[in-house]
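Visitor: My questions will all concern the structure given below.
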Amino acid sequence: MPDLIDDAHLEQTAVVANSAMNRDRRLPAYRRELGFDPIAWLAARPGPQRWLDVGCGSALALFEAAEHLPGNTRITGLDLVGHFRGTPKPGVELVTGSVLSWSPDSPIDLITSVHAIHYVGDKIAALTRMSSWLAPDGRLALNFDATSLRDANGGPLRLRRAG
């Protein structure tokens with residue numbers, strides 16, 4: 269078995285820390301890649317909502333989303349590279365950091381990740397961390413290859429799909 273590098277070094281590799289990859293993602297990509305409309309889901313819920321997008325790229329989709337959500341919605345974009353573009357909007361916070369070390373200050377109603385989990389070495393740690401950040405009735409929506417997850421013996425890890 270080849271030697272694996274730790275997550276801190278993996279995050280600095282040219283493939284993972286690519287400032288040009290997936291940077292211009294817009295809202296239709298979220299609907300297509302995640303199989304639901306995050307804007308409609310958040311707007312249908314009562315009270316202030318919090319949305320975290322892991323691997324938000326340039327954050328253009330988040331700025332676009334802010335124009336369609338109630339003003340009390342808090343949107344956080346987390347990206348390793350931090351090449352954010354666009355016009356800042358009230359309620360949108362952009363953070364340069366890793367899903368394996370950053371943590372939110374309060375529970376999140378919706379956590380999305382269109383492509384970032386593909387590039388995380390310890391996917392189980394990332395999924396565990398993100399799940400722990402959810403509000404009790406929150407939703408975690410990711411696009412990644414679940415067949416890449418293995419148990420301690422190298423066999424396929426079985427995930428349960430919820431909601």
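If you use this note's numbering, the sequence shown corresponds to residues 269 to 431, in order. A virtual CB, placed ideally from N, CA and C, is assigned to each residue, including glycine.
What's the call for Met-289, buried or exposed, on a 16-neighbour Cβ count within 10 Å?
Guide: In this predicted model, Met-289 has a pLDDT of only 48, less than 50, meaning its place in the structure is not dependable enough to derive any value.
Visitor: Report the rounded CA-to-CA distance for Lys-357 versus Ser-416, giving the unit in angstroms.
Guide: Going from the Cα of Lys-357 to the Cα of Ser-416 covers about 37 Å.
Visitor: Should Gly-345 and Cys-324 be called a contact, given that it needs their Cβ atoms to be closer than 7 Å?
Guide: In this structure, Cys-324 lies closer than 7 Å to Gly-345 by Cβ.
Visitor: Under three-state DSSP, which class holds Arg-294?
Guide: Three-state result, Arg-294: coil.
Visitor: If we count the other Cβ atoms within 10 Å of its Cβ and call it buried at 16 or more, is Leu-410 buried or exposed?
Guide: Leu-410 comes out buried.
Visitor: Quick one: what does DSSP say Trp-309 is sitting in, helix, strand or coil?
Guide: Three-state result, Trp-309: helix.
Visitor: Do three or more CB pairs link the region 376-394 to the region 318-335 at distances below 8 Å?
Guide: With the cut-off at 8 Å, the region 376-394 and the region 318-335 touch.
Visitor: Three-state secondary structure (DSSP) at Met-289?
Guide: The predicted position of Met-289 is uncertain, since its pLDDT is 48 and thus under 50; a value taken from the coordinates is nonetheless stated next. Looking at Met-289 - three-state DSSP - the assignment turns out to be coil, as it is neither helix nor strand.
Visitor: For Trp-401, I'd like the list of residues in its chain whose CB is within less than 8 Å of its CB, leaving aside the five on either flank, ordered along the chain.
Guide: So the list reads Leu-320, Ser-371, Pro-372, Pro-375, Ile-376, Ile-379, once near-sequence residues are dropped.
Visitor: Quick one: what's got a C-beta closer than 7 Å to Gly-359's C-beta in the same chain, skipping five residues either side?
Guide: For Gly-359, where only same-chain residues beyond five positions count, the Cβ hits under 7 Å are Ala-334, Gly-339, Thr-341, Arg-342, Ile-343.
Visitor: Taking Cβ to Cβ, would you say Leu-408 is nearer than 7 Å to Arg-418?
Guide: No, they are not a contact pair.
Visitor: Considering Glu-332, what are the terminal residues of the alpha helix (DSSP H) in which it resides?
Guide: Per DSSP, Glu-332 belongs to the alpha helix (DSSP H) from 328-334.
Visitor: Going by the DSSP bridge assignment, what does Pro-372 pair with across the sheet?
Guide: Paired residue(s): none; Pro-372 is not in a bridge.
Visitor: Sort Leu-337, Arg-294, Phe-331, Lys-391 by Cα distance to Arg-313 and report the nearest one.
Guide: Nearest C-alpha to Arg-313: Leu-337.
Visitor: If you measure between the beta carbons of Ser-326 and Arg-353, is that distance less than 7 Å?
Guide: A contact, by the Cβ cut-off of 7 Å.
Visitor: Would you mind working out which of Ala-308, Ile-307, Gly-315, Val-363 sits nearest Ala-403, comparing C-alpha positions?
Guide: If we check each option's Cα against that of Ala-403, Gly-315 comes out closest.
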